[in-house]
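2 protein chains.
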Amino acid sequence: MANMSSNDLRRQLEHEIVLGEIVPGTRLDEVALTERFGVSRTPVREALQQLSMMQLVEIRPRRGAFVKKMSLKELVDMFEVMAELEGTCGKLAADRMIDEERDKLKELHLITEPLVKNKDYDGYYRANVAFHEAIYKGSHNDFLSDQTKSLRNRLTPYRRLQLRQSNRLNNSFQEHAEITEAITSGNKEMAEQLLGTHVTVQRGSFNDFLASLPMDLIDQSA
Amino acid sequence: MANMSSNDLRRQLEHEIVLGEIVPGTRLDEVALTERFGVSRTPVREALQQLSMMQLVEIRPRRGAFVKKMSLKELVDMFEVMAELEGTCGKLAADRMIDEERDKLKELHLITEPLVKNKDYDGYYRANVAFHEAIYKGSHNDFLSDQTKSLRNRLTPYRRLQLRQSNRLNNSFQEHAEITEAITSGNKEMAEQLLGTHVTVQRGSFNDFLASLPMDLIDQSA
DNA sequence: AATATAAATATTGTATACAAGAATTGTTGA
DNA sequence: TCAACAATTCTTGTATACAATATTTATATT
């Protein structure tokens, strides 16, 4: 397979950046990456160019590539858009899902009940992703689905810690119940409204949300 | 200035693709581009990698880079998202614009009146862009603003011909009047609703919109 | 000792060289 | 004449070489 080394490299780095394994602000040294991946600088540079277009790294001319640090303002803006996109997915899903998809959504919700009971955070995290992606798909709008998924992905490092907090797990489950009911019953306004607030606030105040953000990952200078 | 050749190249090609000067489906030959821009293959390839991440070109392994052809489904999906984003911008702008911005919006609308009277399509096209971008900025959400602008940009080749049609100019002006009124008076629901339909339908049927699409630019195979 | 300046060192950006796979052309056989 | 195969040519993907700019280190001067 060809042109895979630069694409593979990009995917790998993307993964590590999104998961926060590479801390925002760190410089991505080209030769270090060549040694790590056993390739020349050419595919490394092509991968970095790709990541810069994805807004995951910032290429400063003649200075190198840096994992992008987002300011609090940028982050809040992105979460606001995320909320809108999730809401739109919900609205369209309530309208367009076929019976099979509605059944599947119910199922994806119900299987999380034991996970909540057992406080299985990792398990719930994965099931939560599946639940939301089912809604994206249910919009029957591939572009919207991809955009939403991609933005969710980019916000991952700033969301990972949230579920661990106090009774977020219970809150999330409760909200999922309402969302599932709204979508499967075709109540699009309700689905949109519920999903629009679900992402960020989760029945808490916005201040709590802000406080939950890992501030060390945030660019204080901007 | 450094790393500018690959970025400049990307910008130039992006411009030409978005304006439809390079027809979707055409292959972008690397050596041809090196000759045209007087650079080596390295920056050419980096530019193509960037464009592939922007979904403007498709890189088929060992086959080359092709200007992306969008299927009708993809296009409809993108316009649907565009409508949502425009609506969101309007909603937030109605809420957040400061007095100065509201005045500016009124002005940007009013200066288009003579352009409509004189059927100055190019002039109106430019003024229209300025009007809408003022709304994006008025959302006070830079991420949303950038995303909306970028998507509008990508849809340009499929929108250029629309304004020329029958009395689209008058319709557009009339709708802008209502939008301006809604935003400046802070009626966010109205602003969202008006902008959500303005992009695509412009007081016509959706079928008319579909019929207005330049079908030769659309991938029939997909 | 601290700062400024200059040499050296390292890193990015670009061009070229080489390797591997695709497309094309030409030839052979039915 | 057409189809199938083979050799050639072309194009992409990767590595390396060279050029230009930042960064670091060393030296000199106050």
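Keeping their order, the protein sequence lines are chains A and B. Positions in the first sequence are counted from 1; adding 49 to them yields the numbering used here. Positions in the second sequence are counted from 1; adding 49 to them yields the numbering used here. From the three backbone atoms N, C-alpha and C, an ideal C-beta is built for every residue, glycine too. Treat the numbers as computed from the prediction; the structure is a model and nothing was measured.
**Request:** Give a yes or no on whether the minimum CB-CB distance between Leu-105 (chain B) and chain A is below 7 Å.
**Result:** no
**Partners in chain B for Asn-202 (chain A), counting only beta-carbon separations shorter than 9 Å** = The premise fails here: Asn-202 (chain A) is roughly 14 Å from chain B at the closest Cβ pair, so nothing lies under 9 Å.
**Request:** Name, going along the chain, the residues of the stretch 139–152 of chain B whose beta-carbon falls closer than 7 Å to a beta-carbon of chain A.
**Result:** none
**Prompt:** With a Cβ-Cβ cutoff of 7 Å, do Ala-240 (chain B) and Gly-139 (chain B) count as a contact?
**Reply:** yes
**Asked** What in chain A is Cβ-close to Asn-190 (chain B), meaning under 8 Å?
**Response** Asp-126, Glu-129 and Val-130
**Request:** With DSSP collapsed to three states, give me the class of Met-119 (chain B).
**Result:** strand
**Message:** Can you give me the C-alpha to C-alpha distance between Val-248 (chain B) and Ala-132 (chain B), rounded to a whole angstrom?
**Reply:** 6 Å
**Item:** Neighbouring residues, chain B, relative to Glu-65 (chain A) (Cβ below 8 Å)
**Value:** Per Cβ cutoff of 8 Å: no residues; Glu-65 (chain A) is ~17 Å from chain B at best.
**Message:** Taking the straight line between their C-alpha atoms, what separation do you get for Lys-237 (chain A) and Asp-144 (chain A)?
**Reply:** 6 Å
**Item:** Closer than 7 Å to chain A by CB, Gln-61 (chain B)
**Value:** no
**Request:** For Val-165 (chain A), collect the residues of the same chain with a Cβ closer than 7 Å to its Cβ; drop the 5 residues on either side in sequence, then sort them by chain order.
**Result:** The answer, listed in chain order, is Tyr-173, Leu-218, Asn-219 and Phe-222.
**Message:** Quick check: what's the CA-CA separation for Lys-168 (chain B) versus Arg-203 (chain B)?
**Reply:** 25 Å
**Request:** Give a yes or no on whether the minimum CB-CB distance between Glu-70 (chain B) and chain A is below 7 Å.
**Result:** no
**Message:** Can you confirm whether Glu-84 (chain A), when its beta carbon is compared against all beta carbons of chain B, has any partner nearer than 7 Å?
**Reply:** Taking Cβ atoms only, chain B never reaches closer than 7 Å to Glu-84 (chain A), which makes this a no.
**Request:** Measure the C-alpha to C-alpha separation of Gly-100 (chain A) and Leu-154 (chain A) and round it to an integer number of angstroms.
**Result:** Note on residue identity: the sequence assigns Leu, not Gly, to residue 100 (chain A). Using only the alpha carbons, I get a separation of about 33 Å.
**Message:** Just to confirm the assignment, what range does the beta strand (DSSP E) spanning Val-106 (chain A) have?
**Reply:** Here the beta strand (DSSP E) through Val-106 (chain A) covers 106–109.
**Asked** Can you round the beta-carbon distance between Glu-95 (chain A) and Arg-94 (chain B) to whole angstroms, since I take them to be within the 8 Å contact cut?
**Response** 7 Å
**Item:** His-64 (chain B), buried or exposed, once every other Cβ within 10 Å from all chains shown has been counted against 16
**Value:** exposed
**Simplified DSSP assignment, three categories, for Ile-228 (chain A)** = helix
**Request:** Answer yes or no: do Ser-199 (chain A) and Tyr-185 (chain A) have a C-beta to C-beta separation smaller than 7 Å?
**Result:** no
**Message:** Below 9 Å on C-beta distance, what does Leu-154 (chain A) contact in chain B?
**Reply:** Here the premise fails: no neighbours, minimum Cβ distance about 21 Å.
**Asked** Taking 6 Å as the line, does the beta carbon of Arg-85 (chain A) fall inside it for any heavy atom of the ligand NAP?
**Response** Inclusion of the ligand NAP in the displayed structure is not the case, the ligand content being empty and no account of it being possible.
**Asked** Between Glu-182 (chain A) and chain B, is there a C-beta pair that is closer than 7 Å?
**Response** no
**Asked** Would you say Gln-99 (chain A) faces chain B, with C-beta separation under 7 Å as the test?
**Response** So yes, Gln-99 (chain A) belongs to the interface.
**Message:** DSSP has Asp-268 (chain A) in a bridge; who is on the other side?
**Reply:** A:Ser-120
**Asked** Closest by CA to Met-146 (chain A), which one among A:Ala-183, A:Glu-123 and A:Val-116?
**Response** A:Ala-183
**Message:** By alpha-carbon positions, which one of B:Leu-58, B:Ala-142 and B:Val-116 ends up nearest to Asp-268 (chain B)?
**Reply:** B:Val-116
**Prompt:** Cα-Cα, which of A:Gln-61, A:Met-119, A:Gly-136 and A:Val-130 is closest to Leu-97 (chain A)?
**Reply:** A:Gln-61
**Item:** DSSP three-state assignment for Gly-69 (chain B), whether helix, strand or coil
**Value:** Gly-69 (chain B): coil per DSSP, three-state reduction.
**Message:** Pop quiz: Gln-196 (chain B) and Leu-134 (chain B) are said to be a contact at Cβ under 8 Å. What is the actual Cβ separation, rounded to whole angstroms?
**Reply:** 6 Å
**Request:** Compare the C-beta of Met-239 (chain A) against all C-beta atoms of chain B and say whether one is closer than 7 Å.
**Result:** Cβ-Cβ to chain B under 7 Å: no for Met-239 (chain A).
**Request:** Could you list which residues in chain A have their beta carbon closer than 8 Å to that of Ser-55 (chain B), in chain order?
**Result:** Gln-98
**Message:** Give me the subset of the stretch 216–244 of chain A whose CB atoms are less than 7 Å from a CB atom of chain B, sorted by chain position.
**Reply:** none
**Message:** Tell me which residue opens and which closes the alpha helix (DSSP H) that Thr-197 (chain B) is part of.
**Reply:** 191–204
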